[in-house]
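Down below is the structure, laid out as structure tokens.
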Amino acid sequence: MNRFILAAFVTLTPTLSLTASDWPQFRGPNATGVSNEENLPTEWSKTKGIAWKAELPGRGASSPVVVGNRVYVTCSSGTRDDRLHVLGFDATTGKQLWHRQLQGTGGTACHPKTCMAANTPVADETGVYALFATADLAAFDADGTLRWYRSLVGDYPTITNAVGMASSPILAAGRLIVPMDNAGESFLAALDTKYGKNVWKVDRPREISWTTPLVRTVGSTTELLFSGPKGLTNYDAATGETRWTFKGGGGSVPVGVLDGDSIYLPVGGVSKFKIDAKGVAEKPEWAARDAKSGYASPLVYAGKVFTTDGQGFISCVDAKTGKELYKERVKGAFSASPVAADGKVYCLNETGICTVLDAKADAFEVLASNELGEGSLGTPAIANGRIFIRTEKALYAVGR
Amino acid sequence: MQIRFCVAVVLGVALIATPAPAVDDATTQALLTLKRVTREGKGNEDAGPAWKTIVSKGGVALLPTLEAFEDGNPTAANWLRTAVDAIAEAEKAAGRKLPADKLEAFTTNPKFAAAARRSAYELLLTEDPSAKARLLPGFLNDKSPDLRRDAIANELEILERAARPSIKADLEKLFALARDKDQVELLAKKVNAAGGKASIAEHFGFVTFASLVGPFDAPESKGFTIPYPPDSAKDSSGKFMGKGAAELKWTPASTTDPLGKFDLNKLLGKHKNSAAYALTTLISEQEIPCEIRVTSPTSVKIFLNQKELFGRDEYHHGSPFDGNVGRGTLRKGENVLVVKVCQNNQTDSWAQDWRFQMRVCDDTGGPLAGVSQISTLDGKPVPLGFIPAQPANTEDKK
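Read top to bottom, the protein sequences are chains A and B. The first sequence begins at 766 in the numbering used here and counts up by one. The second sequence begins at 53 in the numbering used here and counts up by one.
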């Protein structure tokens, strides 16, 4: 009975007061990777089914984000990869509305696969907040006005991760949440969105990690679930106070998915745990060990859990039982997380090939395999009836 | 023809000499406000409105904004840089041209901040693409790393396109001016192929002679935070207690690696949870600002004349060239450079490297005139980057 009451209080709420079709942050609404958009494209190519294409001034492993009629993208460029770019586009026409550049103030060392534009920005109706792997952080209004800027390495000089950072900022409880797990001064902080000043800042283990916090509401409290190598920690978004830690939920690259009173964590393949106000159940309901994640985070959609990995495998398990429905290998490794909408799952690989699956099918039903011919690491965004894909060179709006 | 040329020159000089439109007080105040932003966003509440004020002034605020950049204030530079972007974007959207002449004068004036000059140069090219060929030769020895890089790449292309019988001297000149590692290595190869002799080690100013001491015990990978006596070493004398209570003393070492690498696994043996030190005596003919740049996959601290200049506590996340930079001043005469290099307890095969390279250079990464190192072979000064025929350490530890 108590569990039932607790479960009733554990309600997922949207992190932002945005329209349902927005894709405001890493993995979109509530970090699920799922959009309620309909009539989305199934087939496209470089020359077919593209609403518009915009050239980009640099690389990026970050995702595009979409709020209203704005698409925001970050890039980095230059011999030292220290030129940081934030761009705003008209989502309908693809017209570049503004382009601002920053000089990276932190180290630019990283694994050659990634770059300084690896963290996905977060947007709301007022504008966009862009964090880079150099620990430069800026807030721009929707028209490109610089609202505020922080050099986090200037503030906390020991910040360092020579593999390259990629955790993405999010918005929660009216604050900008900045994850900064690294080998130096490691922290999670909440900043006010108007001036970018710290509201709270809590220490984190000095370990490198690339995860992004999840947000949920329990009663009147907004919580941040942030995983790292030592476990999954729950913070009060208003104060930064630790509420509980789940040591079995550790991970440093892919991020879990919240789904009501369950959380799917990329541990032991992918595992489903019960979660309530007090924490995560010690033992998983099931663990699908062969559903590996690699860099990409799992997707929960249509009663199934989908994972993609660095070997090119797409795995699908039943969300209720964890039973494997299929595991198939396609061409190319995955870095981008799978996303879904309109009964389809979109799995974009590193070479720019997007395998579109029928989400309802219990078997591996490929609806299309679409090639853009350009490398792509960023998770696509789904909004306004289109799929926004950023490649090494360009931003594509796929759809009508 | 000559008269036309002279008239053009006079006009050009007159244009450059013409005073810029007076900057109004609001712009001046707003620029000062951006420059006053400090740590943790202090000043952001005033900087936001100031940024809007500057951008609202349009094209007349472009040059004053560029002039406000300071090399030593990266936070302000980013506020200013985005304002420059916004002003230029609005001017173009309004169909107005940017002041190419003023941008060119600004770009070529080395008194302005390197980052601002690069921004101005790029804006200039949007108005006048021909400026590239005209200006790049003047940037071969520029303090802006990007302008210098472009200038060197441009000059090399011109040289090779000209297909002259001998370009050895020109290549040597370019090699001396290059700073980026890839360009230095490329040019060294070309100089050597052309019959010249280019020493990458001397160019970069690698320390090739050092006294080493270690391993010190560093439990739980905490070598970075534990102070050991050599932190404040004044010379390579003294005995210390090391790992396993072993008595340690400084031992002379040198490297024959062309990039100045000291492999501590070979020189001191393979040790986990350890710290070691390298001490080098530098001789400077004058007091001079310097950078000590260290490359290592593990945690590093840099001390110059008993003063800690830099530290980075990170293990086995890559080994970026010049990844650790300490800024200090060499005094005239003897200077003691000490680098602490730690090793953690990771057992992964890719986490066993324990090594470092260190170099002494100016703030562009270029050689420092009048600075030498003391050889651990004979105690005499030799140039930085000098590679001995035989290493001072005759026995590698397994």
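For every residue, glycine included, the Cβ atom is placed at its ideal position computed from N, Cα and C.
**Request:** Count the other CB atoms, across all protein chains shown, that sit within 10 Å of the CB of Ile770 (chain A); report buried if there are 16 or more and exposed otherwise.
**Result:** Bear in mind that the predicted position of Ile770 (chain A) carries a pLDDT of just 42, short of 50, making it too unreliable to give a figure here.
**Asked** Contact check, Leu1137 (chain A) vs Lys813 (chain A) under 8 Å by CB: the rounded distance?
**Response** Going by Cβ atoms, the distance from Leu1137 (chain A) to Lys813 (chain A) rounds to 11 Å, so no, they are not a contact pair.
**Request:** Have a look at the DSSP bridge pairing and note the partners of Arg1155 (chain A).
**Result:** A:Leu1160
**Prompt:** If you draw a straight line from the alpha carbon of Leu356 (chain B) to that of Ala1106 (chain A), how long is it in whole angstroms?
**Reply:** 60 Å
**Prompt:** Whose Cβ in chain A lies nearer than 7 Å to the Cβ of Pro126 (chain B)?
**Reply:** Gln868, Thr870, Ser916, Gly919
**Prompt:** Is Val393 (chain B) near Thr350 (chain B), with beta carbons less than 8 Å apart?
**Reply:** yes
**Prompt:** Which two residues bound the contiguous alpha helix (DSSP H) that contains Asn244 (chain B)?
**Reply:** 233-245
**Prompt:** Of the residues that make up the segment 256-283 of chain B, which ones have a beta carbon closer than 9 Å to any beta carbon in chain A?
**Reply:** none
**Message:** Let me check understanding here. Comparing Cα to Cα, which of A:Pro1145, A:Gly1097, A:Gly929 lies closest to Tyr1111 (chain A)?
**Reply:** A:Pro1145
**Request:** Please decide whether Thr1007 (chain A) counts as near chain B, where near means a Cβ-Cβ distance under 8 Å.
**Result:** no
**Request:** Below 8 Å on the Cβ atoms is my guess for Gly1034 (chain A) versus Ala1046 (chain A); work out the distance and round it to an integer in Å.
**Result:** Their Cβ separation, rounded to whole angstroms, is 17 Å, which puts Gly1034 (chain A) and Ala1046 (chain A) out of contact at 8 Å.
**Distance between Asn795 (chain A) and Leu777 (chain A) (C-alpha atoms, nearest Å)** = Note that Leu777 (chain A) scores a pLDDT of 41, beneath 50, so its modelled location is shaky; the value from the coordinates is reported in the next line. The straight-line gap from Cα to Cα measures roughly 8 Å.
**Asked** What's the gap between the Cα of Leu264 (chain B) and the Cα of Lys291 (chain B)?
**Response** 12 Å
**Request:** Could you pull the start and end residues of the alpha helix (DSSP H) that Val799 (chain A) belongs to?
**Result:** No alpha helix (DSSP H) holds Val799 (chain A); DSSP gives it neither H nor E.
**Message:** Using 8 Å for Cβ pairs, my map puts Ser992 (chain A) next to Thr976 (chain A). What's the rounded Cβ distance?
**Reply:** 5 Å
**Request:** Please specify which runs of the beta strand (DSSP E), each continuous and at least 3 residues long, are wholly inside the segment 854-931 of chain A, giving them in chain order.
**Result:** 861-868, 887-889, 892-896, 901-906, 911-916
**Message:** 8 Å is my cut-off, CB to CB: does Lys184 (chain B) come that close to chain A?
**Reply:** no
**Item:** CB of Met410 (chain B) within 8 Å of CB of Val259 (chain B), strictly
**Value:** yes
**Request:** With DSSP as the reference, please indicate the residues paired to Glu820 (chain A) in a beta bridge.
**Result:** A:Ala1159
**Asked** What residues in its chain sit with their C-beta under 6 Å from that of Ser1036 (chain A), if we drop five residues either side in the sequence?
**Response** Leu1030, Pro1049, Ala1052
**Asked** When the Cα atoms are used, what is the spatial distance from Asn387 (chain B) to Val967 (chain A)?
**Response** 41 Å
**Request:** Please look up how many angstroms separate the CB atoms of Lys87 (chain B) and Asn125 (chain B), rounded, as I've assumed it's under 8 Å.
**Result:** 6 Å
**Message:** Taking only three categories from DSSP, how would you classify Pro151 (chain B)?
**Reply:** coil
**Asked** Where do the N-terminal and C-terminal ends of the beta strand (DSSP E) with Asp1123 (chain A) fall, by residue?
**Response** 1118-1123
**Prompt:** Would you call the segment 296-304 of chain B and the segment 221-234 of chain B in contact, with 3 or more CB pairs under 8 Å?
**Reply:** no
**Prompt:** Buried or exposed: Thr277 (chain B), going by 16 or more other Cβ atoms within 10 Å of its Cβ?
**Reply:** exposed
**Message:** Measuring CB atoms only, is the segment 1000-1017 of chain A touching the segment 935-944 of chain A, in the sense that at least three cross pairs come out at less than 8 Å?
**Reply:** yes
**Prompt:** Helix, strand or coil for Asp222 (chain B) per DSSP?
**Reply:** helix
**Message:** Less than 8 Å between the C-beta atoms of Leu114 (chain B) and Ala142 (chain B), yes or no?
**Reply:** no
**Prompt:** So who's on the other strand from His255 (chain B), going by DSSP bridges?
**Reply:** Answer is none; His255 (chain B) lacks a bridge partner.
**Request:** Using DSSP bridges, identify the partner residues of Pro433 (chain B).
**Result:** B:Ile426
**Enclosing alpha helix (DSSP H) for Leu114 (chain B) [first to last residue]** = 114-119
**Cutoff 7 Å; reference Leu1113 (chain A); Cβ partners in own chain excluding five residues on either side** = Ala1101, Cys1119, Ser1141, Pro1145, Ile1154
**Prompt:** In its own chain, which residues sit with a C-beta less than 6 Å from the C-beta of Met930 (chain A), not counting the 5 before and 5 after it?
**Reply:** Ala898
**Asked** Would a check of beta-carbon distances place Lys392 (chain B) closer than 8 Å to chain A?
**Response** no
**Message:** Quick check on DSSP: helix, strand or coil for Val65 (chain B)?
**Reply:** Caution applies to Val65 (chain B), whose pLDDT of 44 falls short of 50 and renders its modelled position unreliable; the value that the coordinates give is listed next. If DSSP states are grouped into helix, strand and coil, Val65 (chain B) belongs with the helices.
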